[in-house]
Every structure is written in structure tokens, then in C-alpha cells.
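Student:
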Amino acid sequence: MCRLALKSANEPFSPYEVLTAMEAMQEGYDGSGLGLLLRGLEFEDFKYNPNFPVLSGIAHTEKAWNTIKDYMEERGYELKYDHRFHHEEGHIEATDRFRYFMRAYRMPPAFRDKSTEEREEELLKTRLALRALSNDDNKITVFSFYPDVAMIKEVGWPLQIGNGLCLHDGQIKSRICMAQGRQNTNYGINLYACHPFFIQGISTMTNGENTAFVPIRDWLIGKQIPGYMGYQSDSEVFTHILHYTLKKLKLPLQAYKHIITPLNSGELKNHPQGEFLSGLRQACKRLIIDGPNAVIGTLPDETSLLVMDQKKLRPATVGGREGAWAIASELCGVDALVPDRDPSSDFQPMREHTVIIPPHRKELEIWSQYDPFPSIQAA
Amino acid sequence: MVSIRSVSVNPGSLALSDFPWIIHHREDRCTLCGQCTAVCPKGAIRLEYMRKRLPKLDVFQKQRGSEYKTFTGIRQVMDMDHMCIGCAMCSMVCPNEAIAPVSGTNENRTLFFNNRKGEPLKRGGRRNATGPTLLDKMMFTRISMLTDPALDAGRHEFTATTTIGRILSPEDFLDRTLNGGWIPATREIFPFVIGSMSFGALSPNMWLGLLQGVAYCNEVLGIPVVMCTGEGGCPPWVLRSPYLKYIILQIASGYFGWDEIIRAIPEMQCDPAAIEIKYGQGAKPGDGGLLMWYKVSKLIARLRGVPEGVDLPSPPVHQTLYSIEESVMKMTQTLSMAFNHKVPVYPKISASTSAKAVLNNLVRNPYAAGLMIDGIDGGTGAAYNVSMDATGHPIASCVRDCYLDLAKQGKQNEIPIFAAGGIGKNGNVAQNGMAMIMLGASGVHVGKYIMQAAAGCLGNEKNRCNVCNLGICPKGITSQNSKLYRRLDPDKVAQRVAEIFMSINTEVKKIMAPLGRSQSLPIGMSDAIGINDKAAAERLQIRYIC
Chain A
1 MCRLALKSAN
11 EPFSPYEVLT
21 AMEAMQEGYD
31 GSGLGLLLRG
41 LEFEDFKYNP
51 NFPVLSGIAH
61 TEKAWNTIKD
71 YMEERGYELK
81 YDHRFHHEEG
91 HIEATDRFRY
101 FMRAYRMPPA
111 FRDKSTEERE
121 EELLKTRLAL
131 RALSNDDNKI
141 TVFSFYPDVA
151 MIKEVGWPLQ
161 IGNGLCLHDG
171 QIKSRICMAQ
181 GRQNTNYGIN
191 LYACHPFFIQ
201 GISTMTNGEN
211 TAFVPIRDWL
221 IGKQIPGYMG
231 YQSDSEVFTH
241 ILHYTLKKLK
251 LPLQAYKHII
261 TPLNSGELKN
271 HPQGEFLSGL
281 RQACKRLIID
291 GPNAVIGTLP
301 DETSLLVMDQ
311 KKLRPATVGG
321 REGAWAIASE
331 LCGVDALVPD
341 RDPSSDFQPM
351 REHTVIIPPH
361 RKELEIWSQY
371 DPFPSIQAA
Chain B
1 MVSIRSVSVN
11 PGSLALSDFP
21 WIIHHREDRC
31 TLCGQCTAVC
41 PKGAIRLEYM
51 RKRLPKLDVF
61 QKQRGSEYKT
71 FTGIRQVMDM
81 DHMCIGCAMC
91 SMVCPNEAIA
101 PVSGTNENRT
111 LFFNNRKGEP
121 LKRGGRRNAT
131 GPTLLDKMMF
141 TRISMLTDPA
151 LDAGRHEFTA
161 TTTIGRILSP
171 EDFLDRTLNG
181 GWIPATREIF
191 PFVIGSMSFG
201 ALSPNMWLGL
211 LQGVAYCNEV
221 LGIPVVMCTG
231 EGGCPPWVLR
241 SPYLKYIILQ
251 IASGYFGWDE
261 IIRAIPEMQC
271 DPAAIEIKYG
281 QGAKPGDGGL
291 LMWYKVSKLI
301 ARLRGVPEGV
311 DLPSPPVHQT
321 LYSIEESVMK
331 MTQTLSMAFN
341 HKVPVYPKIS
351 ASTSAKAVLN
361 NLVRNPYAAG
371 LMIDGIDGGT
381 GAAYNVSMDA
391 TGHPIASCVR
401 DCYLDLAKQG
411 KQNEIPIFAA
421 GGIGKNGNVA
431 QNGMAMIMLG
441 ASGVHVGKYI
451 MQAAAGCLGN
461 EKNRCNVCNL
471 GICPKGITSQ
481 NSKLYRRLDP
491 DKVAQRVAEI
501 FMSINTEVKK
511 IMAPLGRSQS
521 LPIGMSDAIG
531 INDKAAAERL
541 QIRYIC
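Residue numbers (the UniProt record's numbering), protein chains in the order written: chain A, 1 to 379; chain B, 1 to 546.
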């Protein structure tokens with residue numbers, strides 16, 4: 001079982017804030033890993049253009065580092081910014097970390113006039129190609145390659161990792177930060193097993209075990225969609241289901257909840273779009289999750305979301321005020337992230353809810369599965 | 001020693017100890033009421049007059065002598081035509097516990113003579129192999145412990161239904177929803193289906209009892225159980241009743257009963273649950289159905305459109321079909337069309353090493369609504385013993401291979417695979433069925449277990465009873481003789497059907513809950529099962545446990 005925290009604010013903030021908040025929930029992770037996703041980036045020493053894709057990951061050796069640089073150059077990417085982390089010795093246990101990288105690129109000229117879809121396709125292909133470069137020796141780890149998003153993953157205690165990479169120095173800030181403190185359960189300690197998981201701008205993190213993991217994974221792999229791979233963690237499928245819903249089926253975000261935890265037949269009979277939703281439930285039957293999970297995610301437009309499994313056995317809480325909101329797996333996490341809020345307005349979604357922190361961050365949106373489903377033509 | 005000719009022995013003469021079942025009769029308890037001899041389906045016991053000698057000693061005369069007394073007793077008939085089948089009806093009706101068949105301990109010499117007149121043994125039942133099956137050995141090992149909470153089988157809400165029918169890929173479903181295309185019919189059903197047993201193989205009382213029980217499960221208990229007719233049609237009143245929706249109509253190579261069905265289509269109040277096209281049966285692959293003349297009564301003859309009292313062997317293949325491609329194209333599509341494309345139509349085949357080839361053909365046909373695979377341990381009302389015992393393929397690896405093949409193509413949700421053949425062979429019906437589901441089946445068909453549990457069928461794998469083919473079923477389950485089938489009370493069968501499905505429903509939840517599953521049937525959840533057999537674990541790609 002892991003601990004999760006997400007903060008979304010109009011004013012960019014340091015990821016260290018979220019790591020500090022993780023301390024409040026410390027009994028729920030064991031130092032087996034930290035994952036951080038930053039969206040809406042701001043660098044102290046560079047005026048970042050949010051159209052530039054950012055490549056983030058770890059080069060484990062100097063040779064690997066050169067391989068990455070060469071590959072990107074060959075593929076036609078022009079380096080615009082290379083963030084250098086200030087390192088503080090003695091905090092990070094792992095020794096084979098030659099370079100944590102966060103590099104902003106300009107896309108190859110051939111993609112200047114291409115559609116967003118084609119550009120996203122290219123970014124995904126590049127990330128997968130880099131990942132494949134080190135399939136044998138695991139010397140290159142690539143977390144994300146997408147505009148305005150960066151990720152850090154490391155084995156260890158969250159605050160120690162933050163100290164090790166000097167995240168408190170204000171060099172990097174973001175409007176959204178997601179963090180997971182990992183409790184290692186079924187699977188080996190592996191950087192790729194740390195949440196959040198990422199594909200084409202879509203990212204989610206989850207606590208709890210995914211009991212339906214194997215049938216869901218088998219189905220996703222069978223679709224042979226580029227990027228549906230890895231699965232070092234049973235939670236990676238939640239990200240891919242969200243990606244499949246939005247990018248492949250091109251359904252509105254409301255459909256995610258209807259796919260992973262569909263209403264039962266009795267409830268669907270009374271639903272205004274019951275017939276469609278029954279069909280959707282059937283077509284996507286292998287994507288039904290069985291919990292116990294809270295899924296927290298973010299989208300490229302800076303929307304954040306929170307959904308529960310149907311049994312709501314891992315309740316998470318959302319709270320905040322206009323301009324700053326937090327979602328955390330524990331109430332104390334929300335307290336630590338946005339202390340200056342009205343706690344009586346905190347919300348714990350029920351099984352039918354999708355909680356949305358919209359990009360404008362004025363107020364929460366709470367969708368219910370019992371609400372009419374938006375017309376799919378509009379999607 | 002006397003000359004061989006002076007005693008009546010011939011090559012087929014057998015001693016009592018050579019028979020598989022030996023009647024133990026206690027004369028001291030017998031009241032000679034005659035109930036046992038009246039009920040015996042084989043005439044294996046007879047009331048006989050016998051003489052016994054009592055030694056007589058006259059002490060005063062110092063003489064030894066004998067006294068002879070005539071008495072009446074029960075004796076086992078020692079010829080193959082009347083050999084005891086171990087059904088034990090005699091002991092069931094005996095008021096005084098005076099009689100019972102006992103399994104013979106000597107080798108069974110009748111096996112060498114069951115081919116008299118050049119006719120190999122035909123029988124009902126299933127493969128005579130005793131002991132735990134592979135499915136019995138499966139354990140549900142992925143228990144949710146501490147890392148995530150186990151569920152409460154009694155209190156949580158469970159969805160344990162499955163889908164029968166072709167399911168579109170999400171992309172196709174959305175495309176056809178937006179553009180008004182055909183969305184194939186599907187049904188949400190309970191994953192344990194009453195397997196195909198024909199009206200003809202079963203007695204009218206058995207059939208009625210099953211149907212009543214199925215209707216009760218659906219309408220009162222809320223468990224959406226469906227049953228399959230088998231070849232041989234369906235009673236005309238059922239075709240025109242609202243209960244038709246609980247029935248899968250089977251069409252097989254003899255096309256028996258389909259005149260009646262086609263004529264009833266305009267008058268049907270609802271659609272049937274599905275249409276099953278039988279190409280093969282697990283118990284007797286390569287053989288068509290066989291209804292022996294004993295069972296072709298007036299009613300059966302009318303339903304099937306044949307004369308009374310003739311053997312009805314269906315051909316091994318559908319005569320109009322040349323190949324699987326043609327079969328899938330023609331029959332599936334034709335039947336789908338006959339029901340306005342509103343009823344799922346799927347083929348049933350014997351488990352075989354060629355099952356994957358069939359499956360791959362179905363994947364490419366938009367009208368194919370699934371595949372039903374019947375393994376070697378499936379039951380039958382009549383077949384050659386050699387087919388039952390030695391021909392066919394076990395169900396587990398066949399279904400597993402097919403599922404993994406579909407999964408490789410990402411199509412495991414589109415073509416549901418149903419499995420049959422040995423589910424509940426040793427009584428563990430829910431455990432066997434759920435193990436099959438976790439190997440990749442969308443559901444299972446259960447026939448023999450239902451006969452045993454709902455109506456007390458006495459057949460077993462020690463070749464007990466197994467005379468379904470002869471129409472002499474002592475329980476009245478598989479007989480068309482009204483004297484016999486009146487023994488079976490349809491209401492009581494219906495009650496047992498309801499009890500069975502209530503119990504399976506609870507056991508399914510008791511299996512799913514510790515695995516942390518409640519929202520959908522754990523189809524293909526192969527990480528949840530393990531087996532204490534390395535070779536089987538490797539073959540099925542599941543965990544080896546010890």
C-alpha cells in the first residue's frame with residue numbers, strides 16, 4: 001500500500017512542499033521508492049517555453065549519457081535547456097546514477113506543422129526507442145518525454161531523495177506536483193515500478209493492490225498499442241486504461257469511471273444512457289478494476305482527477321481553496337499540502353464519483369456516474 | 001473330477017466373482033416382499049426356489065441322515081444380459097436392509113464379453129476414470145492478505161455473470177454506435193450453464209423439472225441460469241412460452257426437432273437465449289448423437305418427425321457442410337438470420353488439438369457468438385464405450401491454449417469460450433468451474449453433475465448404472481417409459497435445481513472474495529490459481545505450488 005499526494009495550484013511551487021507533506025503520511029510507505037511528476041514547469045535559470053518537450057530520466061553511466069545525447073541529436077531534436085540538479089551527497093542510496101536529466105528540446109523541423117496527434121506519436125516513439133536502447137543492461141531509464149512535464153523516480157525515502165537532489169533550492173517549480181511514496185508489496189524494487197506512470201501526457205498513480213491486474217494486463221498487451229508495456233507495477237494499467245479511453249477511444253473523461261467501475265445492470269436500466277453504457281461495459285469488460293484502489297491522475301490541460309474503485313476500500317480525500325487544491329490518500333496529507341483551507345469542505349468521493357480539479361482551479365467538479373453521460377459525438 | 005461336458009460351461013460362462021457388482025443378500029433379514037426384484041432395471045435378481053440339506057442325526061438309533069427343505073430366496077442372475085449394474089435400487093426399496101450390490105474385488109471378466117454378437121459395448125455416462133481430476137487439484141492461491149483487504153462474500157455486492165454472444169471491440173462498438181451499425185446480441189447469464197441434454201435423452205419429467213428450476217432461479221432467485229436443449233428440439237409449448245428466453249436451442253447433425261422450432265418462430269413470445277450448433281461432443285468426438293430405439297416413444301417421434309421405435313443415429317458431421325469455413329459462413333449466418341440477428345449463435349466442438357484452428361475461423365466471422373468446447377470427460381446418453389473412454393482431449397489445456405491464443409490477438413473479450421467435460425465430476429462443481437474460468441473460460445456447461453445432483457442419477461465412473469442408452473434408467477431420468485419416469489417428481493427436481501444454483505452462487509462468491517474480486521468474473525485470472533503438479537503447471541502456464 002502506498003501513499004499519494006497531489007497538489008495543483010495557480011502559483012508554481014516547489015516539489016519539496018509535496019515531499020514535506022508526504023512526511024505526514026510516513027507510516028504508509030517503506031522507502032522502497034519515490035515517484036514525482038511535475039506539470040506546468042518553471043525553471044529558475046531558464047524561461048521555459050511550454051511547447052518544448054522535456055525528456056526526463058536517469059543515465060546510469062557516462063556511456064549511457066552519451067548514447068542518449070547522440071540519439072536525440074540524430075533524431076533531429078535541438079536541445080534548448082539542460083537542467084542540472086545540484087547533488088548533496090549521502091542521501092541517495094543508489095550508486096549507479098551518473099546523471100539525472102531533465103532536458104527541454106525543440107522538436108525536429110519536420111514536425112513543425114504536424115498535428116498534435118502526430119507530434120505526440122513521435123514523442124512516444126522517441127521515449128520507447130530510448131528505453132529500448134538499454135533493454136539489456138538497464139543503463140538508461142526514461143520516465144517521460146512530453147511538453148511541460150517532468151518526472152523523477154528514485155529508490156529511497158521521499159524527503160531524503162528531495163534532499164539528495166536539492167529540490168528545496170527553488171530551481172524547479174510547477175503548478176501540479178504528484179508524488180508517491182512506495183510500499184513495496186508484490187513486486188521487486190524497480191525504478192519503472194514507481195508511480196506515477198506516464199504515457200503521452202497522461203499520468204496516474206494509485207494506492208492499493210490491483211487484484212484484476214493479470215487479465216487487464218493481458219488484454220492491454222494484446223491490443224499491441226505502442227507504449228502499453230512494462231507493467232513492472234500492477235498499477236501501470238490504470239494509466240494505460242485512461243490513455244486508451246481518452247486517446248484511442250476518444251471518449252470524454254467521464255467514460256473512465258464508467259469503464260473501470262461500471263454501474264451494475266440494475267443501475268444502468270435507470271440511467272438515461274443505460275443502453276450505451278451497458279454496451280460500453282461489455283466491450284470494455286476486461287478493463288473493469290476490482291480495487292482496492294484510489295486512482296489520482298493529471299492530464300495535459302492541467303486537469304487533475306481522483307476516482308475510487310467500486311468498493312471504496314482505499315478512500316482518498318480532496319480539499320483546498322480557490323487557486324490551490326490537494327488530493328491525498330490520507331486526510332493528513334491534504335492538511336499538510338493546503339493548510340489554509342476550510343476543512344469542512346473536504347470531500348471523500350463515493351464509488352460513483354469522479355472528482356475533477358479543473359485547470360482554472362476555481363472550484364472542484366464532482367461528476368456522478370448516475371448523471372447523464374455527455375454525447376460521444378462531442379468528444 | 002468330472003468330464004467337462006457334464007457341467008454346463010461355455011466360453012462366456014462366468015463365476016459370480018467375475019462380475020463387477022455382486023449382490024449381497026441376507027436371507028435372515030429378507031421378508032420375501034419382492035420389491036427388489038420388481039425394481040431391478042436389469043432383472044439381475046430373481047426370486048428362486050431352492051433346496052437345502054439339513055444334517056439329521058438320530059442319536060438313539062445311532063443313525064446319520066439328511067433332511068431336505070425347500071425355501072424361497074434371492075439369487076443373482078449370472079448372465080451378461082442380466083448382470084447387476086450396481087445401481088442399488090434394490091437396497092433403496094428394501095424395507096429390511098437385506099440386499100445391496102457390492103463392487104467386485106476380482107478383475108472384471110465381463111469386459112471380455114461385452115462384445116457379444118459382434119456389437120461393441122454402448123453405454124451412457126462418461127469416461128470411466130476415477131479419482132481426482134486435474135481441475136479438482138487446482139487451488140485458489142492468490143489470497144488478499146493485509147496488502148489489500150479480502151472481501152466479505154456475504155455482504156459485498158458481487159457481479160458474477162458472464163456474457164454469451166459476440167462482443168465487439170471497444171473501437172467497433174463506438175463506431176457502430178455512432179454510425180448505426182449492427183451490434184450483435186448478447187446475454188448476461190450465470191456462468192454455470194445446464195449443458196445440452198436432449199428432450200429424448202431425458203425423460204419428460206426430468207426436462208420439466210429442470211425447466212421449472214431454471215425459471216425459478218431466474219424469476220425468484222435472480223440467478224440468470226440458462227439451459228441447453230441438446231439435439232432433438234424442444235416441447236412445442238415451451239417454444240411458445242416466455243420461458244424460451246432461458247433456453248439455448250441446439251441444432252446438431254440430425255437436425256431433429258428443427259421443423260417444430262422453425263414452425264414456432266412466428267409464434268415465439270421471446271427469443272431463445274442462444275443457438276448452439278453442435279459439431280462435436282466431448283464424450284464421443286467424431287460421432288453424432290445417438291438415441292437408441294428403446295427411447296423413441298410416441299412423443300419423441302412426433303417432436304423429431306420420425307417413426308416410433310427406430311434408432312436415431314445422427315451423422316458425425318453436418319452433411320451439407322464441406323469445411324469449417326463453410327460451416328461458419330453458412331450455418332452460423334443462416335441461423336443468426338433466422339432469428340433476425342437478435343440471438344447469439346455459436347458452435348460446440350469436441351476438445352481437440354485442432355480447436356485453435358476452429359477458433360481462429362470464428363474470430364474472423366462477425367456472426368460467431370462464441371465457442372463451446374467439450375472435453376473428454378463430458379457425459380453422454382449413449383455412445384460406444386471406446387469413444388467415451390479413449391477418444392477426445394481433456395478440457396483444461398485445450399481451453400487454456402485457445403484463451404492464450406485469443407489473448408495474443410487481444411480478442412479474449414470478443415469471443416467467449418465456454419468449457420465443458422468433467423466439471424463437477426467429483427462433486428466440486430463450483431471449484432472446477434471457477435478454475436476453468438481462471439484458465440480463460442467465460443463459463444462452463446454442466447450436464448452430468450446436474451443429473452446427479454438434481455435428480456439423483458446413480459451413474460459413476462466405476463461403471464455403476466450407466467444404462468441411460470437403454471431407456472431403463474431406474475430413477476426415471478433418462479427413460480421414456482412412463483412407468484419409470486413417473487418415479488421422478490418434477491417439482492422435486494426443480495427444487496434441487498434451485499438449491500444447486502443457490503449453493504454454486506454462494507461458493508462462487510466464497511472463491512472470489514478472498515481473491516479480492518467482486519466486480520467482474522475473474523476470467524483469465526491465471527495468477528490466482530496454482531497446482532501441485534509441475535508438468536501441469538508448466539503446460540497451463542500457472543503457478544506450481546507444493
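Note that CB positions come from ideal geometry on N, CA and C, so glycine has one too.
Using a Cβ-Cβ distance under 8 Å, would Lys269 (chain A) count as near chain B?
Tutor: No - not a single Cβ of chain B is within 8 Å of the one on Lys269 (chain A).
Student: Counting Cβ pairs, one atom from each stretch, are 3 or more of them under 8 Å apart for the segment 402-414 of chain B and the segment 502-517 of chain B?
Tutor: Cβ pair count under 8 Å is below three, so no.
Student: If you follow the beta strand (DSSP E) that Lys114 (chain A) is part of, which residue opens it and which one closes it?
Tutor: Careful: Lys114 (chain A) lies outside any beta strand (DSSP E) and carries neither H nor E.
Student: Measure from the C-beta of Cys2 (chain A) to each C-beta in chain B and report whether the shortest distance is under 8 Å.
Tutor: Judged by the 8 Å Cβ criterion, Cys2 (chain A) is not in contact with chain B.
Student: DSSP beta-bridge partners for Gln250 (chain B)?
Tutor: In DSSP, Gln250 (chain B) forms a bridge with B:Glu276.
Student: Return the Cβ separation of Ala252 (chain B) and Gly289 (chain B) in integer angstroms, given the expectation that the two are a contact with Cβ distance under 8 Å.
Tutor: Sure, about 6 Å apart at Cβ, within 8 Å.
Student: Does the distance from the CB of His393 (chain B) to the CB of Ile376 (chain B) come in under 8 Å?
Tutor: Their beta carbons are under 8 Å apart, which means His393 (chain B) touches Ile376 (chain B) by this criterion.
Student: Whole angstroms is fine: what's the gap from Leu135 (chain B)'s alpha carbon to Cys90 (chain B)'s?
Tutor: Rounded to the nearest angstrom, the two C-alpha atoms are 34 Å apart.
Student: To the nearest angstrom, how far is the alpha carbon of Met138 (chain B) from that of Met372 (chain B)?
Tutor: Between Met138 (chain B) and Met372 (chain B), the C-alpha separation is close to 22 Å.
Student: Using only the alpha-carbon positions, how far apart do His383 (chain B) and Leu470 (chain B) sit?
Tutor: Before going on, a small fix: residue 383 (chain B) reads as Ala here, not His. Spanning the two alpha carbons is a distance of roughly 11 Å.
Student: Mapping DSSP to helix, strand and coil, what is Cys228 (chain B)?
Tutor: Strand.
Student: Please determine, among B:Met292, B:Ser352, B:Tyr279, B:Thr380, the residue with the shortest C-alpha to C-alpha distance to Thr332 (chain B).
Tutor: Closest by alpha carbon: B:Tyr279.
Student: Between Gly443 (chain B) and chain A, is any beta-carbon pair separated by less than 8 Å?
Tutor: Judged by the 8 Å Cβ criterion, Gly443 (chain B) is not in contact with chain A.
Student: Can you check DSSP and say which residues form a bridge with Ile356 (chain A)?
Tutor: Looking at the DSSP assignment, Ile356 (chain A) forms a beta bridge with A:Leu305, A:Glu365.
Student: Which runs of the beta strand (DSSP E) spanning at least 3 residues fall entirely within the segment 102-150 of chain A, listed in chain order?
Tutor: As far as the segment 102-150 of chain A is concerned, its whole beta strand (DSSP E) runs of at least 3 residues are 140-147.
Student: Tell me which residue opens and which closes the beta strand (DSSP E) that His24 (chain B) is part of.
Tutor: First-last of the beta strand (DSSP E) with His24 (chain B): 21-25.
Student: Can you check whether the C-beta of Met525 (chain B) is within less than 8 Å of a C-beta belonging to chain A?
Tutor: So yes, Met525 (chain B) belongs to the interface.
Student: In whole angstroms, give me the CA-to-CA distance for Gln282 (chain A) and Thr163 (chain B).
Tutor: Going by the C-alpha atoms only, they are around 8 Å apart.
Student: Do the segment 458-478 of chain B and the segment 188-196 of chain B make contact, defined as three or more Cβ pairs closer than 8 Å?
Tutor: The segment 458-478 of chain B is not in contact with the segment 188-196 of chain B.
Student: Taking DSSP as the reference, what is the three-state secondary structure of residue 557 (chain B)?
Tutor: Only positions 1 to 546 of chain B appear in this structure, which leaves residue 557 (chain B) out of reach.
Student: Listing by chain order, which chain A residues have their CB less than 7 Å from the CB of Cys191 (chain B)?
Tutor: Rather than Cys, the amino acid found at residue 191 (chain B) in this sequence is Pro. Simply none; closest approach about 13 Å.
Student: Quick one: residues in its chain with C-beta nearer than 7 Å to the C-beta of Thr204 (chain A), no 5 flanking neighbours on either side, listed in chain order?
Tutor: Result list for Thr204 (chain A): Pro196, Phe197, Phe238, Thr239, Leu242, Val295, Ile296, Gly297, in chain order.
Student: Given Asn426 (chain B), which residues of its chain have a CB within under 6 Å of its CB, disregarding the five upstream and five downstream residues?
Tutor: Closer than 6 Å at the Cβ level, and outside the excluded window around Asn426 (chain B), lie Asp136.
Student: The segment 288-299 of chain A: which residues have C-beta closer than 8 Å to a C-beta of chain B, in chain order?
Tutor: Taking 8 Å as the Cβ-Cβ cut-off against chain B, the residues of the segment 288-299 of chain A that qualify are Ile288, Ile289, Asp290, Gly291, Pro292.
Student: What does the alpha-carbon distance come out to for the pair Ala129 (chain A) and Pro300 (chain A)?
Tutor: Cα-Cα distance, rounded: 22 Å.
Student: Interface residues of chain A around Asn218 (chain B) at Cβ under 9 Å?
Tutor: Chain A residues near Asn218 (chain B): none, gap ~13 Å exceeds 9 Å.
Student: Name, please, each residue of chain B whose Cβ falls closer than 9 Å to the Cβ of Arg286 (chain A).
Tutor: Simply Gln412, Asn413, Ser520, Ile523, Gly524.
Student: Buried or exposed: Phe101 (chain A), going by 16 or more other Cβ atoms within 10 Å of its Cβ?
Tutor: Flag for Phe101 (chain A) reads buried.
Student: May I ask you to report which of helix, strand or coil DSSP gives Gln171 (chain A)?
Tutor: If DSSP states are grouped into helix, strand and coil, Gln171 (chain A) belongs with coil.
Student: Which of helix, strand or coil does DSSP assign to Ala379 (chain A)?
Tutor: Legend: pLDDT at Ala379 (chain A) = 40, less than 50; position of this residue unreliable, value from coordinates given subsequently. Looking at Ala379 (chain A) - three-state DSSP - the assignment turns out to be coil, as it is neither helix nor strand.
Student: Using a beta-carbon distance below 8 Å, is Gly227 (chain A) in contact with chain B?
Tutor: By this cut-off, Gly227 (chain A) is not an interface position.
Student: Would you say Phe418 (chain B) lies against chain A (beta-carbon separation less than 8 Å)?
Tutor: By this cut-off, Phe418 (chain B) is not an interface position.
Student: If you draw a straight line from the C-alpha of Pro235 (chain B) to the C-alpha of Leu488 (chain B), how long is it?
Tutor: Answer to the nearest angstrom: the Cα atoms are 19 Å apart.
Student: Rounded to the nearest angstrom, what separates His156 (chain B) and Glu267 (chain A) at their Cα positions?
Tutor: Going from the Cα of His156 (chain B) to the Cα of Glu267 (chain A) covers about 16 Å.
Student: Mind listing the chain A neighbours of Ser144 (chain B)? Cutoff is C-beta to C-beta under 9 Å, in chain order.
Tutor: Neighbours of Ser144 (chain B) on chain A, chain order: Glu209, Thr211, Pro292.
Student: Counting only the same chain and skipping the five closest in sequence on each side, list residues whose C-beta sits under 6 Å from that of Val318 (chain A).
Tutor: Contacts found: Leu306, Ile327, Phe347, Val355.
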